[in-house]
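As numbered in mature numbering (1 follows the signal peptide of the UniProt record, and there is no 0), residues -34 to -1, 1 to 700 make up the sequence shown, in order. Here is the structure we will look at, set down as structure tokens.
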Amino acid sequence: MATFLYKLGRFAFRRRRYVVLVWIALLAAAGVGAATAPSAPADNFTVPGTEAQKAFDLLHERFPGTNADGASARMVFKAPSGQKVTAGPNKAAVEKVVAELGNSPQKATAADPYTADAVSKDATTAYTTVTYQAKSAEITDATHTAIENAAQHGRDAGLTVEAGGTALQASPSTGNSEVIGVGIAAVVLLITFSSLVAAGLPLLTAIMGVGVGIASITALATTFGLSSTSSTLASMIGLAVGIDYALFIVSRHRHELMEGREGEDAAGRAVGTAGSAVVFAGLTVLIALAGLSVVNIPMLSKMGLAAAGTVAIAVLVALTLIPALLGFAGPKVLTRKVRKGRAVADGKPNVGTRWARLVVRRRVPFLLAGVVALGLAAVPMSSMQLGLPDDGSQPVSTTQRKAYDMLSDGFGAGFNGPLMVVVDGSHSDNPKAAAQQVKKTISGFADVKTVTEPAFNPKGDAATLSVVPVSKPSSAQTEDLVHVIRGHSGEFTKTTGAEVLVTGTTAMNIDVSQRLNDALVPYLALVVGLAFLLLMIVFRSVLVPLKAALGFLLSVLAALGAVVAVFQWGWLAGLIGVEQTGPIMSMMPIFMIGVVFGLAMDYEVFLVTRMREAYVHGERPGQAVVTGFTHGARVVSAAAVIMISVFAGFIGSSESMIKMMGFGLAIAVAFDAFIVRMTIVPAVLALLGRAAWWLPRWLDRLLPNVDVEGEQLRKNLAVEPRPAAEQEREPAVI
């Protein structure tokens, strides 16, 4: 592989004008496709194979025209202190607002609270449910304005009016913090390279790669059902890995130039060695992201595949566009002192060398300290609660949260999370009697506050009942109630012939959590197993991939613990703008496992590849660890800081899911890069010695030799480099 990549790098360097033109053409084509494509579809959250989804599909079939997946808003009215909403003036004001909502855009239907039993027992609170033909992501600004104006008219009449529901969901924004993250990355690159040209190349190529990727996702959004969330995740990961991959190749190219190589040969060697690491690091990220498909949640699968596509583009950009631009830059990628021959080596070891020597010498204390630190950070994970966000997780200052609290106060904690029970009476002799029997039985269950009368479809073979729990939607008691109702489904079928299914947002949340828990072990087996095999091929070792996998588990558990501490416990939540704590998003653990595993293996490949390269060239195991840090620690540290900055930029998003992802990925990279890869890895390799690179002979014969360290490439070239002084006098290549 190294030989092939060497030739590719030289070709891109030599034919740089054509390579750059091809990438510009690809960006233009993707941009035109994105500009002419229809708008991205709304997030269609489905979980095939679950009972909640089966019931939801049954509603579409048996209750045509109800538009079960349409957006809805719930406006809540509270009378002034000492008054009731049933009083004449207050009632008139409520009815006026309801009529106004019914005339709002997008075919809205608003229920009269006085005829729909939507007034609290103490008559201080009432609500109306407004349903729309459009989905939540299709709600226009005109509709939002109509809701806000109607609420304000109610407030002008003296009522307290707040609104919530899916119709009020706003498009997420990241604010300026994403730009700040990229700015920090630029500063780190400038400090690392001490050259504007060298610092600008990774940023330029990463933006090019993300531009092609995001434009392609937008162009194909309608065809493959990719939502805006897919684009956000793809840009987050694509930008981070794009900068990192380019950083490693530019750094290796500079090293080769300072060794006395000519520009074309230096670019070829950089792509042949560092590029090999980029390919395998990219493959681990692709495996981790594409592996999210095994969970069988379409939204998660599409997010993973879209991000994987952007990572693949980042790899191709690093292998082709970077050497092409290096051809235009010439010696300008070096510092001015090096170009003018004024750089003098002081003979002192760099920080990476000194750190590696210290860790190798004190391997046991450093190993224990790293493991204990990550173990303590992981402790909060033991109390992690999973769920999907609703209006109860909104900041207390929002109208959605105020409406949620008003409903809880007026109608009970469980009112915001009713369960929908669907009775399929198509095989029952008496569907109406069956539905009444279901209502009677469920009413006798613990933690049930009310059960509505069955509402039948026009054909009369299916009915729905709304079950309001006593406890709040995210409580263990409500989850137990769902399981109890489902546990009696066999009895209902046996006695009445009807099939009983439980759905609704609360039931869907429970099913999603169960699906993710069930998929965790197969996902880990697939991703870790494939990556383990890949790393065995790269490092020709059994223990190094095993150590890499165990180190990843430490970092991801510690990162999840930090997420729980901030987003669930509320520790330091104010510093990153978390106004409301609550359950951790259900898909967060498996998502973090997938993404962090891929990114963790990046640093493993980049850092340990240099160690293996030194070991293959005859150095002792301990010295090989130090040599790897001498050449790689500064660049890996810079890459980690850049990736942390990019991910941290998404913490400023108004979308709780994106904010949590940004924080989780940023802290995970910090743990993995600076504690696992920079501390635990050298300590473990120093303890293992030569055993770290042991591979059974039979396995060595079976595994292909990809020559990631470039040993075969050096044998094929067998060319002595020109003197460095001659290289320094070489004019810029244009």
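Using N, Cα and C, we set each Cβ at its ideal position, and we do this for glycine too.
| query | result |
| --- | --- |
| Tell me, please, which residues DSSP counts as bridged to residue 704. | With the chain covering -34 to 700 only, the question about residue 704 has no answer from this structure. |
| Give me the DSSP bridge partner(s) of Ser507. | DSSP, once it has assigned bridges, lists no residue as partnering Ser507. |
| Please classify Glu457: is it buried, with 16 or more other beta-carbons within 10 angstroms of its beta-carbon, or exposed? | exposed |
| Please say whether Tyr489 and Leu258 have beta carbons closer to each other than 9 Å? | yes |
| Between the Cα of Tyr(-17) and those of Val561, Pro289, Val466, spot the shortest distance and give me the residue it belongs to. | Pro289 |
| With distances taken Cα to Cα, identify the nearest neighbour of Gly15 among Phe(-31), Arg481, Met386. | Arg481 |
| Let me know the secondary structure DSSP gives Pro71 once reduced to three states. | coil |
| So, at 8 Å on beta carbons, what are the nonlocal neighbours of Tyr370 in its own chain, with the 5 sequence-adjacent residues on each side left out? | Gly130, Asp356, Asp357, Gly358, Gln360, Asn382 |
| Between Lys405, Phe640, Thr469, Leu125, which has its C-alpha nearest Ala335's C-alpha? | Phe640 |
| For a quick check, are the C-beta atoms of Gly208 and Thr171 less than 9 Å apart? | yes |
| Within the continuous beta strand (DSSP E) that includes Val43, where are the two ends? | It is Phe, not Val, that sits at residue 43 in the sequence shown. Where Phe43 is concerned, the enclosing beta strand (DSSP E) stretches over 38 to 44. |
| Count the C-beta pairs between the region 110 to 125 and the region 58 to 70 that are closer than 8 Å, then say yes if the count reaches three, no if not. | yes |
| Classify Ser437 as helix, strand or coil using the three-state DSSP reduction. | coil |
| In the DSSP output, what is Phe422 paired with across the bridge? | Ala429 |
| DSSP on Val51, reduced to helix/strand/coil? | coil |
| Please confirm whether Ala339 and Gly527 have their CB atoms less than 9 Å apart. | no |
| How would you call Val362, buried or exposed, if buried means at least 16 neighbouring beta carbons within 10 angstroms? | exposed |
| Would Ala1 and Ser182 be called neighbours here (beta carbons separated by less than 9 Å)? | no |
| So Tyr93 is in the beta strand (DSSP E); what residue range does that whole segment cover? | 91 to 97 |
| Could you check the C-alpha separation between Ala112 and Leu24 for me, to the nearest Å? | 33 Å |
| Exposed or buried, which one is Thr198 when buried takes at least 16 other CB atoms within 10 Å? | buried |
| By the 10 Å Cβ neighbour count, where 16 or more other Cβ atoms means buried, how is Leu271 classified, buried or exposed? | buried |
| Have a look at the DSSP bridge pairing and note the partners of Met386. | Ser432, Thr469 |
| Short of 6 Å in beta carbon distance, which residues of its chain neighbour Ala45, apart from the five on each side in sequence? Order them along the chain. | Val51, Asn56, Thr90 |
| According to the neighbour-count rule (16 or more other Cβ atoms, all chains shown, within 10 Å of its Cβ), is Trp664 buried or exposed? | exposed |
| Which residue wins for smallest C-alpha separation from Gly238, given the options Ala164, Ala284, Ala206? | Ala284 |
| Residues in its own chain within less than 6 Å of Gln443 by CB, not counting five upstream and five downstream? | Asp413, Ser437 |
| Can you tell me the Cβ-Cβ gap for Val417 and Val468, rounded? I've got them flagged as a contact below 8 Å. | Their Cβ separation, rounded to whole angstroms, is 12 Å, which puts Val417 and Val468 out of contact at 8 Å. |
| In terms of residue numbering, what span does the beta strand (DSSP E) encompassing Ala129 cover? | 126 to 130 |
| Secondary structure at Ala606, three-state DSSP: helix, strand or coil? | helix |
| For Ser441 and Asp427, I'd like the C-alpha separation in whole angstroms. | 33 Å |
| Taking the straight line between their C-alpha atoms, what separation do you get for Gly147 and Ser455? | 52 Å |
| In or out: Arg210 buried (at least 16 other Cβ within 10 Å) or exposed? | According to the sequence shown, residue 210 is Asp rather than Arg. Looking at its Cβ environment, which holds 16 or more other Cβ atoms inside 10 Å, Asp210 is buried. |
| Helix, strand or coil: how does DSSP classify Thr16 here? | coil |
| Using the three-state DSSP reduction, which class does Ala84 fall into: helix, strand or coil? | coil |
| Taking the straight line between their C-alpha atoms, what separation do you get for Ile610 and Gly564? | 15 Å |
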